[in-house]
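Residue numbering for the sequence shown follows full-length UniProt numbering, starting at 1 and increasing by one per position. Beta carbons: idealized from backbone N, C-alpha and C, even for Gly. Predicted, not measured: the structure shown is a model, and the values here were computed from it.
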Amino acid sequence: MTEVSEIPPEADYAYVTDPSVTDPQLLRDHSRLVTYRTSRFEYPDIRVFFRPHSKAAELPTTPAPLPLLVCIPGLGGSVAQFHPLLSSLVDLAPCLSVDYPGGGRSAYTVTAWEAYTPDALCELLELIIEDHRDRKAGQGIVLIGHSMGTAIAANLTSRKACKTGLGKHVMALVAICPLSGPPDEKKSSVLRKLLWLPDWIFAIWRAWDGRGNIASPSISRFVGEDADTDLRVLQYRFNQQSRTAVWRRMAWGALPVYKNGKPTGGLPGLEAWANITVPVYLIAGEKDHLTPPDELRKIVEVLNRNQAGSPKPPQIPSVELGTRPTLPTTAAYYKAEAAGESHGDMTGGTSDRVTSGVCSDDAEDDPTTPLEFSANIPAQLEHPPKSVHSFIMLAPANHALLYMPQCSRALAGLISDFLAKYVTQRLSLAWQLQYLSREGKWDVKNLNKWKSVAPTSEVIGSEEPIFRAMKTLREADEVHSPTEFAERWGSVVKDIIDISKDQPVYDPRGLERCGIHYHKFPTVSKIPPQPQEVDAFIRLVDNVRAAQKERAVAEGWSRAEQCVIGVHCHYGFNRTGYFIASERSPLLGDEGQQRRYQQPNEGGHGVELKATAWSRSREIAIFAWALLATASVIVMAVWAQHHQQTSSSNPHTTKRNLIFMVSDGMGPASLSLARSYRQHVEGLLDGDVLTLDRHFWGSSRTRSSSSLVTDSAAGATAFSCGAKTYNGAISMLPDFQPCGTVLEAAKRAGYLTGLVVTTDITDATPACFASHVLLRQMEDEIALQEIGEGPLGRSVDLMLGGGRCHFLPNSTAGGCRSDEVDVVRLAQEKHGWMYVHNRSDFDSLEGGDRVALPLLGLFAAADIPFEMDRSRLNNTYPSLSEMAKVALRTLQRASEKSENGFFLMIEGSRIDHAGHINDPAAQVREVLEYDKTFESVLNFVSRSDTETVVVATSDHETGGLATALQEPGHLPVYAWFPGVLANASTSCEKLARDLQDHLARMPEFSSQNQLKSWININLVVPGLGIHDATDEELSLLADKPESSVNVLAAMISLRAHVGWSTHGHTAVDVNIYSSGGPGTDKIRGNVENTDVGRYLSQYLDVDVDAITKELRDRLNKNERDVNVNQMPIEGFSWLSDGHHPSETQQTQ
């Protein structure tokens, strides 16, 4: 079974080696960085992959849950190397894997050599496994090791070696490219001497060994001389991700010290294997020169001697593998396995090939193929009886067989069947699906509709057969199960591409056993595929069709010219049809036959199996350095080349997008609050962090021209114009003249533009990008300018948020303008805006696919409710993340055929409002929603084929938040309590409004005590989750309901031990986050907020100064020379971002 990575293997991407970027989607979605402390060392930020079984709770849990499958990498290995195998195993059982300290995505902070010995790593692994094993339920574990990881797994399985008693819970061991033990005394002595060499010499040797990049000797050593480009790129990536310092420490720790010919320390040897009393499966590659098959034979001999009491010559079977990713390997194995010996020696052979797509009769008796099941649940023994099994994959299988495409399909099948046959049949995916279907716990959605759809379509392809569309198979179905499908269609459908996102409701190995190759290409339903997804689909089809031609000869297909690829989502409509028939993937005619990935031959940076000019230059430089033995030469050469590459001032020539995100009022303490809160409510470990944390870039100073403490207007002007101004100014400078904004300049340069907020769209931050007024309170004028009534005409293409009342006439219900101008009507009739104003309208946009720009979406009269309130009103208001996704999709689609991309500003507006109120429960939810939005933006960037940079920062901090509080008259308490915030279900703003609304309806209470009782029962207990409100607190709420929002906020803050210093802003520096990209180093470190603004215009290569000049030329001089001291500013006295009590009372 193969799974297609989400990121397409484009030419430039081939040499990307950052593990956080190259991680496949499965690993990204289920990994976190955790700090662990063993008895000797603390290991910060260890990358842990853990994916529970999606249906674990619905499968039998007596006597124990499904075992935990633990994958252990080898020397220099990582979780990513297990990805092809994990893609299959996660459907069978919960899976766990770890990057060693300093390996893969784990941090390299522990430098002590003793921290990397096998004993130290075993203790760390025991701790991690126990942290994820369901100990209370008695969950067992299966260890799956690769290379040196097999020796560590053997050590963990040996009960004598474990410090925590973990060994008694091991149910089986799978060893891939197994290692029987450490080197002998002579080799160990030589290797120890070599490892004494310093890091820099090793680095030089690695660079020399890596000359030629993917064609280097270091790559060929692992993957073989005949390896294809994709595998070489993968190995190159793994090599680059292996740190020299970590490799040296692990290699040093693996070497024993010999005394009188006996080893002490180092890797465990054959004695650890001899102590194993559970089923063992050893798999080696014939062409493995690092851990050759002889290592396997040594282990088999020891295990069999220990089992039978006398040596038994090991009979090591093998299976032949071809040179392409899709050959009859797996089918040949499955048929050979059906004829295997009962004592457990897995027998294979090249003569047992499946020559057609029809399953042989022998498969009926295959114990690993549970075609029919009794009503009984299979046994799951705590300690399955010991049995020894081994398998050697023939060439080209080598040390990379764990992840080489030629082997991964067969490897997954071998291991899956071993688990089902010798550990417990509950680990058979076919059994699980049968059980869940029989119990009514898992099946296709809308079974009746599914049954009404024909199993397959007619042949699709204009000149030669290419596809058959089909509905998903169903394990429990009598007509359209894998076995029945193979029996009927196996002679013509030789490959199936499953484009559904979720785990299929059938066992793909049922297809593999019958010679039909299964490929997983996960896509999301109800969202049109991105261009890069279609391109990746084309590449997959190209590879499959090329492999089919080889398979047709090797397997002797009788109807080769009629063989096709089956494609299915769920019903076989929608996505299936889109991918097959999309104009962007014209595979069905002559044009499609000619379209192939030819970028490397068309002037691109294609991956080629020859050294590039750069690699040759580097080789010469390294060689010269080695001859001269002087570090200064290479340092100067590297510096000179880096300077040459980064000092170019040429403007960009490629299409690009810029997404600028503002977290209004969010300071560093807000992140700490949200991070700890999330860890508490989701049961996460201390090392778990937010998405924002992983993209921290620097910090920003926030003062305005008129004060050390800025407001949002001056802060946003710094971003939009790149200039300091006075508090309250909307893109106006201290001389009361307008400054051009990056959004206006981008629009003039041909970019599409957008604004997404959760407050009024006329509020300070969005206003500063598309309007120019002297004071932020002039929202009626701002509304007019934003739709296109300003001096530059319309500069915005999309606006989503609240603030509808400023767009409606004063006399209209819901209007709050001071005049009778119907701005919505003006926008529609004069400027052509598409207008939506409620949830139903929003949903009708279909995620951005049904939008006509310009788009105006006003979903609330004023602010969209706080997220903790909005989530209960999801049918009324969209969230920030939902609006952001619609905006991104809309702008992406609208700019597809443009030479320019888009500029989008997204603001998490209400973080600021929660800070003004001092409501920590509301703020923490706002921050998490902003973090969710940031993550969805990054996901968009990862899928986009247009260069895109994300920059996120805050305009200021609000509230003076502190994640601790010393109560008056008490000593300091070093703690704060996120559980208090978790108990709250309603914002203080909403509760205060409910109280005032109740008093307006029922102004008279028979007594003050009756009112206090009503407040406690109806507001405090259910809304704040506070059950110990004091009489003094309730009296304050009853006596002064107009101040109730502050009293309620104080009540929850006090109990959570969260402190605040103000209801306004502070001058604290705020964080900057970024996806990285061209020029983003300019905003690293500590910078001014204006530096952020200037970067925005520089990245887009737009001329803000020209817009400023045009604005000043267009505006009447009399309007420009207004003296602010002569303005009628009654009602404008609130020049900061204070959240008006009157605003909270407006109808949403």
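Per-residue burial, residue i [other beta carbons within 10 Å of its own, 16 or more giving buried]
i, result
"SER663", "buried"
"GLY848", "buried"
"LEU414", "buried"
"TYR974", "exposed"
"GLN1008", "exposed"
"LEU587", "With a pLDDT of 43 at LEU587, under the threshold of 50, the modelled position of that residue is not reliable, and the figure given next carries that caveat. The residue in question, LEU587, is buried, as its Cβ has 16 or more Cβ neighbours within 10 Å."
"LYS471", "buried"
"GLN562", "exposed"
"PRO279", "buried"
"SER20", "exposed"
"GLN966", "exposed"
"SER844", "exposed"
"ALA336", "Any reading at ALA336 must be qualified, since the residue scores a pLDDT of 37, below 50, and its modelled position is unreliable; the value itself is stated next. Looking at its Cβ environment, which holds 16 or more other Cβ atoms inside 10 Å, ALA336 is buried."
Whole-number beta carbon distance between residue j and residue i, since they are thought to touch under 8 Å
i, j, result
"GLY1077", "VAL742", "Incorrect: roughly 16 Å between the Cβ atoms, too far for contact."
"GLY104", "ALA120", "With a Cβ gap of about 18 Å, GLY104 and ALA120 do not count as contacting."
"ASP45", "GLY683", "That pair is no contact at about 19 Å."
"ARG192", "LEU282", "29 Å between Cβ atoms; not a contact."
"THR691", "ASP931", "5 Å"
"GLY285", "MET393", "5 Å"
"THR150", "ALA115", "With 8 Å as the limit, THR150 and ALA115 do not qualify as a contact, their Cβ atoms being about 21 Å apart."
"LYS287", "ALA410", "Actually they do not touch by this definition, with Cβ atoms about 15 Å apart."
Residue nearest to residue i in terms of C-alpha spacing, selected from the options
i, options, result
"SER676", "LEU511, PRO920 and PRO279", "PRO920"
"VAL48", "PRO101, TRP273 and ALA175", "PRO101"
"HIS916", "ASP45, ALA554 and GLY665", "GLY665"
"LYS520", "VAL492, THR946 and CYS569", "CYS569"
"CYS816", "LEU826, GLY803 and GLN828", "GLY803"
"ALA274", "THR157, SER731 and LYS259", "THR157"
"ALA172", "GLY77, LEU68 and ILE204", "LEU68"
"ALA215", "GLU225, ILE72 and LEU1054", "GLU225"
"GLN892", "GLU478, ASP945 and ALA115", "ASP945"
"LEU671", "LEU961, GLY210, ALA1056 and SER147", "LEU961"
"THR35", "ARG28, PRO73 and SER106", "SER106"
"ILE906", "PHE842, ALA964, SER705 and GLY801", "GLY801"
"LEU673", "ASP693, LEU85, TYR403 and ASN657", "ASP693"
"PRO978", "VAL1058, LEU938 and ILE1107", "VAL1058"
Terminal residues of the alpha helix (DSSP H) in which residue i lies
i, result
"TRP697", "Segment 696 to 701 is the beta strand (DSSP E) holding TRP697; no alpha helix (DSSP H) there."
"THR22", "19 to 22"
"LEU784", "779 to 784"
"ASN657", "First-last for ASN657: 656 to 662, but that is the beta strand (DSSP E), not the alpha helix (DSSP H)."
"PHE940", "920 to 943"
"LEU1096", "1089 to 1100"
"HIS680", "668 to 681"
"CYS721", "712 to 721"
Span of the beta strand (DSSP E) around residue i
i, result
"CYS95", "95 to 98"
"THR61", "Premise fails: THR61 is in no beta strand (DSSP E) and is neither H nor E."
"LYS259", "257 to 259"
"PHE902", "902 to 907"
8 Å CB neighbourhood of residue i in its chain, flanking five on each side removed
i, result
"SER818", "ASP780 and ASN810"
"ASN1086", "GLY698, SER699, SER700, ARG701 and ASP1069"
"THR38", "ALA120, GLU123, LEU124 and LEU127"
"ILE141", "PRO67, LEU68, LEU69, VAL70, ILE129, ARG133, LEU166, HIS169, VAL170 and MET171"
"HIS1063", "HIS916, ILE917, ASN918, GLY959, ASN1046 and GLY1138"
Neighbourhood of residue i by C-beta, 7 Å cutoff - its chain only, sequence neighbours within 5 removed
i, result
"VAL459", "PRO465, ARG468 and VAL564"
"THR523", "ILE499, LYS501, PRO529, GLU533 and ARG575"
"GLN641", "Note that GLN641 scores a pLDDT of 40, beneath 50, so its modelled location is shaky and nothing firm can be said."
Proximity test, Cβ basis, 8 Å: residue i and chain C
i, result
"GLU225", "As a matter of chain content, chain C is missing from the structure shown, which is built from one protein chain."
Neighbourhood of residue i by C-beta, 6 Å cutoff - its chain only, sequence neighbours within 5 removed
i, result
"LYS990", "ASP869"
"ALA749", "VAL1102"
Contact test: residue i Cβ vs the ligand MN heavy atom, cutoff 7 Å
i, result
"SER1061", "The ligand content of the structure shown is nil, which means the ligand MN is not present either."
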